[in-house]
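>
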Amino acid sequence: MTNTIIFSDLDGTLLDPVTYSHREACPALSRVHELHIPLILCSSKTRAEIEVCRQRLDNTHPFISENGGGIFIPKGYFKMPIEASELNGYLLITLGTPYAEILRNFSSLRRRFPVQVRGFADMSTEEVSKLTGLSLAEAVLAKHRDFDEPFVFEGAPSERFLQAIESSNLRWTQGRLFHIMGNHDKGRAVSILKALYEHQFGSVVTVGIGDSLNDLPMLRVVDRPVLIRHADGSFDNRIAISNLIKTQRSGPAGWNETVLQLLAQTEVEKPPFLPVRKEMERIFNSALAAVDPFNAVLNTVLCEHNQLRISETKYELSKFERIIVIGAGKATARMALAVESLLGEKISAGLIVVKDGHMQPLSIIRQVEAAHPIPNRAGIEGTQSILQMARDADEKTLVVCLLSGGASALLVSPSEGVTLRDKQEVTRMLLNAGASIAELNAVRKHLSSVKGGKLAQAAYPAPMLTLILSDVIGDPVDVIASGPTAPDSSTFAEAWAVVLKYGLLEKLPQCVADLLQRGMEGRAVETAKANDLSLSKTRNVIIASITQALAAAQTQSEQLGFTPKIISAALQGEACDAAHFLAQAAHVELMGMKPGERHCLLCGGETTVTVRGNGKGGRNQEFTLAFASEIEGLQGVSLLSAATDGTDGPTDAAGAVVDSTTAAHARRMGMDPLSYLERNDSYAFFQKFDDLSGGYSHFKTGPTGTNVMDIQIVLLNKQELPSAQPDIIS
């Protein structure tokens, strides 16, 4: 078990948030001690505070203080020389900015902004004790800081003040309290310690456990991220990464149950197989981080001096009496969170429609949850409210519209004479027929009173700024979300052609066929076109897409020692055909590699599946299963194909992981991959494969908060001679 390392937060995680007791975690702590597993305390606490905790826990391992500001390694712990300073029996690796400099900058910011905010340096020991629940002796230790300053707002947090911190080349984070600090975080410190362990012990498996935003950088860089439930039963919704394990219980009780479960799994796992999946997960997580909707908005939009700026476009906020925020999509809640942080109380009203389970903790903008991909009544009611807000807008109203993937099904308002059931049936038929997103949207726009520029028409003459997270190949604004604020290039005739292409004319609800026919004859109103005056005051801006995700994946794979190559950012067509294409590319790439070389092939896009069987699955799982059969017999090939939104078809999986031996191993267990493909039953295949083999081929992330289509990651490891391959991906 020496290849496992646990990095753990303290308050609210290993320690009870009120009593600061670790009693409920004692069974797992004892097991960790028995197995000689390093437990690295990684906290916002000071060195002095953590030293007391280490004594209580009988812990002799390195630790990380003040959100990654300092790494303290007991002298002689590692055999190799380490570039560090010496301090009271430790080797200290300093990553943080000196505390005195932090305080100077903090004071300067408070002079510039009339915000009621207090840091530990402003408080007496008694005040710190009262604020935190620490004893007076513990509060003294908490005030002896080296790298960051905890602070609190007297009243609601000021987003403007937090933005000013970041504009001053500093950072802020949040655990139980806010912290202002330099350019460091827990993730950077964890990565450094992990590298030291790997240098001394070889391959290691890392577990990271935390409960708050300041733990996110740590959770992103470990192999097994664990999020602890809060005492009120909630989780920090700002933490959305792949493979995240969420505890059933809160605090140290949740720490205990999850660590015991992980240790039980690790004892039966085969560590040599772990690095393959581990590396793919790290590449995937880097891609997700690059297209985080919250950051994408903040990187695109600037609000200062009562002015909203997007590139060269400026909106003088003093000219508007109202600002409203509307929108829809799987990633729109995190976009809205960013807009709230930018505009705060300047927002007069807001409403967005999000997919079930994708809400975020918003304070001003209302959220309606609705079904996806088949629309439901909640989506219609939410859309009707949004349309009414748009119609009520005037020249003195700035409308900010937020759109992301999934909005076509969430922003739904059937044309007169068409019912929700009709739209549901048409959507289902097109999806099962394998229609592309562009084809699907061409039909949906012409059955809608909100799509195809009609939302912008409703808001005219109000100026509208639409921020778009693209989930469509090529980023066409008229296709993403069915273009509710963009001119539509498709026509009733093209919608009719899609119906004919897939042989659906005889199956269409009669009212839908009649509407399309009337439209072709000019007896129904077309969607908004490029020369429409009502679109003249609308600006559409792409804030993130698959391009940024692939670039980040390329960078991460290079950092992991692979030679990366982006094969395509526009992978489309039938999932099985696309899998054949990528398998051929992998074969060609492998043939040109030298022994010992490691390459990474990357693709992005969105394939389709023509449903012929009655099984359960999604395009990524079908893609991966087909790829497994294509690469059988090759050496050193593995694939992760996953949806960036965390949902692959009507399943709880984002995708799947396979290697060159998956297909053969499945047959040895009595499973025929091809028969599962014929039934479109890829979900059942991977579920049964994992149950029988003890593997981890299914890739489950939960909702990620973003959506830029799918990513395929192929890792190639050229071997000198044929050697035994693992039976499973763990």
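Under my numbering, residue 789 is the last one in the sequence shown; the count climbs by one each step, no gaps.
Glycine residues also receive a C-beta, built at the ideal position from the N, C-alpha and C atoms.
1) Within a Cβ cutoff of 7 Å, which residues of the same chain sit near A722, ignoring the five residues on either side of it in sequence?
2) Could you check the C-alpha separation between N776 and E125 for me, to the nearest Å?
3) Pull the bridge partners of V477 from the DSSP assignment, please.
4) Could you name the residues that DSSP lists as bridge partners for C460?
5) Given E257, which residues of its chain have a CB within under 8 Å of its CB, disregarding the five upstream and five downstream residues?
6) Could you spell out where the alpha helix (DSSP H) holding M728 opens and where it closes?
7) Rounding to the nearest angstrom, what Cα-Cα distance links T442 and V670 in this structure?
8) For E83, count neighbouring Cβ atoms within 10 angstroms of its own Cβ and tell me buried if that reaches 16, exposed if not.
9) By how many angstroms is the C-alpha of V696 removed from the C-alpha of V571?
10) Looking at C-alpha atoms only, which residue of R169, S474 and S593 is the closest neighbour of T454?
11) Could you give the first and the last residue of the continuous alpha helix (DSSP H) run that contains N354?
12) Who are the Cβ neighbours of A1 in its own chain at under 7 Å, not counting the five residues just before and after it?
13) From the DSSP secondary-structure annotation, give me the bridge partner or partners of N776.
14) Looking at S407 and I12, is the spacing between their C-beta atoms short of 8 Å?
15) Count the other CB atoms, across all protein chains shown, that sit within 10 Å of the CB of V647; report buried if there are 16 or more and exposed otherwise.
16) Three or more C-beta pairs closer than 8 Å, one from the segment 350-369 and one from the segment 399-415: is that the case here?
17) So, under 8 Å CB-CB, F745 and Q680 are touching, yes? Tell me the CB distance rounded to an integer number of Å.
18) Identify every run of the beta strand (DSSP E) within the segment 189-248, keeping only runs that are complete inside it and at least 3 residues long; order them along the chain.
19) DSSP three-state call for E375: helix, strand or coil?
20) Excluding the 5 residues preceding and the 5 following R425 in the sequence, name in chain order all residues of the same chain whose CB lies nearer than 6 Å to its CB.
21) Going by beta-carbon coordinates alone, are S720 and Y742 separated by less than 8 Å?
22) Just verifying my parser: in three-state terms, what is the DSSP assignment at Y79?
23) When burial is assigned at 16 or more other CB atoms within 10 Å of the CB, is T478 buried or exposed?
24) Thinking T667 and E633 are a contact (beta carbons under 8 Å), I'd like their distance in whole angstroms, please.
25) Judging by CA-CA distance, which residue of A430, E340, E440 and A397 is the nearest neighbour of Q419?
26) On a Cα-Cα basis, can you pick out the residue from H203, R297, I65 and T184 that is closest to L94?
27) So, is D740 buried or exposed, given that buried needs 16 or more other C-beta atoms within 10 angstroms?
28) My parser needs the beta strand (DSSP E) runs of 3 or more residues fully inside the segment 618-685; what are they?
29) According to DSSP, is I496 part of a helix, a strand, or is it coil?
30) On a CA-only basis, which of C662, A712 and L693 is nearest K675? Give me that one, please.
31) I'd like to confirm the pairing. Which residues does DSSP put opposite S697 in its beta bridges?
32) Among residues of its own chain, excluding the 5 on either side of S80, which ones have a beta-carbon nearer than 8 Å to its beta-carbon?
33) Distance, Cα to Cα, Q516 vs A587?
34) Tell me whether the beta-carbon of M240 lies closer than 8 Å to the beta-carbon of G128.
35) Are G677 and E737 close, meaning C-beta to C-beta below 8 Å?
36) Mind checking whether V199 and T184 have CB atoms under 8 Å apart?
Checking against the coordinates, here is how it stands:
1) A687, S688, E691 and P732
2) 39 Å
3) V477 pairs with nothing; no bridge assigned.
4) I385 and T525
5) V263
6) Looking at the DSSP string, M728 is not in any alpha helix (DSSP H), and its letter there is neither H nor E.
7) 30 Å
8) buried
9) 48 Å
10) Looking at the sequence shown, residue 454 is not Thr but Glu. Nearest of R169, S474 and S593 to E454, Cα basis: S593.
11) P352 to T359
12) Here the chain has residues from 60 to 789 only, and residue 1 is not among them.
13) R657
14) There is simply no residue 12 to check, as the chain begins at 60 and stops at 789 in what is shown.
15) exposed
16) yes
17) 6 Å
18) 207-212, 230-233 and 237-240
19) strand
20) L410
21) Per the sequence presented here, residue 720 reads as Thr, with Ser not at that position. No, the pair does not count as a contact, with Cβ atoms beyond the cut-off.
22) coil
23) exposed
24) 6 Å
25) A397
26) I65
27) buried
28) 622-630 and 657-664
29) helix
30) A712
31) D718 and L774
32) L74 and P311
33) 8 Å
34) yes
35) no
36) yes
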